[in-house]
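Here the structure is laid out as structure tokens; the discussion comes afterwards.
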Amino acid sequence: MIPAMPASAASSRTASVSALRFGRVAVTGVLAALILLGGVWGSWGTAQQVMLTKGRERGTVRVTRCTGHVCSGAFTPGSPGARARTVVKIAQPVAVRRGRTYEVVVKPGTDEAVRSGPGGVLYAWVPFGGALLLASVVVAGGMRLTRAGWVLAGCGVALLTAAFVAV
4 MIPAMPASAA
14 SSRTASVSAL
24 RFGRVAVTGV
34 LAALILLGGV
44 WGSWGTAQQV
54 MLTKGRERGT
64 VRVTRCTGHV
74 CSGAFTPGSP
84 GARARTVVKI
94 AQPVAVRRGR
104 TYEVVVKPGT
114 DEAVRSGPGG
124 VLYAWVPFGG
134 ALLLASVVVA
144 GGMRLTRAGW
154 VLAGCGVALL
164 TAAFVAV
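Just remember that the numbering used here sits 3 ahead of the position in the sequence shown, which is counted from 1.
Structure below.
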């Protein structure tokens, strides 16, 4: 027969287990928040150009040349104050093809353009979609919040799938 623990030993063990559990949840919560913040930070550079278009040059680009990871073409203005340009560069994600025309927003002070419209918005938030997937593993595993982990994973998969379909 195993002797019973004194009441003070049992309560101190319970307190230390509770402190460790709180520490694990706090550390993994901070880690999940940092992952999500990094995803927003990675997406915002492009997303702000596409989503906050007031005062920016909007129009279309007819892609005539693609080299490496950059395509270029003539910019036709579509908003007041925009000027026509002979060459504008656009990053070549998977869906940019030579000979096609795309709606774009020109980054201020440059000759670089980013795709606009629903496809451009979704493509801009792809890094955040990846961060949602990564954070879901941290939340479900480290914080033991499996439902919240599944919700984060579902949102990440939905965002990435929508971007794939739209772009």
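Where a beta carbon is used, it is the ideal one built from N, C-alpha and C, also for glycine.
Next item on the list: Starting from the C-beta of Tyr105, find all residues in its chain whose C-beta is less than 8 Å away, skip the five residues before and the five after it, and write them out in chain order.
Entry: Hits under 8 Å: Thr63, Val64, Val66, Ile93, Val99, Arg118.
Note to self: Tell me which residue opens and which closes the alpha helix (DSSP H) that Pro130 is part of.
What the structure shows: Counting along the chain, the alpha helix (DSSP H) containing Pro130 begins and ends at 129–145.
Check: Rounded to the nearest angstrom, how far is the Cβ of Leu155 from that of Val142, given a contact under 8 Å?
Finding: Taking the Cβ atoms as the reference, Leu155 lies roughly 6 Å from Val142, within the contact range of under 8 Å.
Note to self: For Ile38, which residues in the same chain have their Cβ closer than 7 Å to its Cβ, ignoring the five residues on either side in sequence?
What the structure shows: Within the same chain, Ile38 has close Cβ partners Ala134, Leu137, Ala138, Val141.
Next item on the list: Check the C-beta distance from Pro130 over to Gly42 and give it rounded, since I have them as a contact under 8 Å.
Entry: Between Gly42 and Pro130 the Cβ distance is about 5 Å, and since that is below 8 Å, they are a contact.
Next item on the list: Over the uninterrupted alpha helix (DSSP H) stretch that includes Ala151, give me the two end residues.
Entry: Start and end: 149–169.
Margin query: Using the three-state DSSP reduction, which class does Arg61 fall into: helix, strand or coil?
Written below: Residue state, collapsed to three classes: strand.
Next item on the list: Pick out whichever of Arg101, Gly32, Glu60, Gly76 has its Cα sitting closest to the Cα of Ala85.
Entry: Answer by Cα proximity: Glu60.
Checklist line | Trp128, buried or exposed, once every other Cβ within 10 Å from all chains shown has been counted against 16 | finding: Buried: at least 16 other Cβ atoms inside 10 Å.
Note to self: Whole angstroms are fine: how far does the CA of Arg24 sit from the CA of Gly122?
What the structure shows: Near 43 Å, if we compare the C-alpha coordinates of Arg24 and Gly122.
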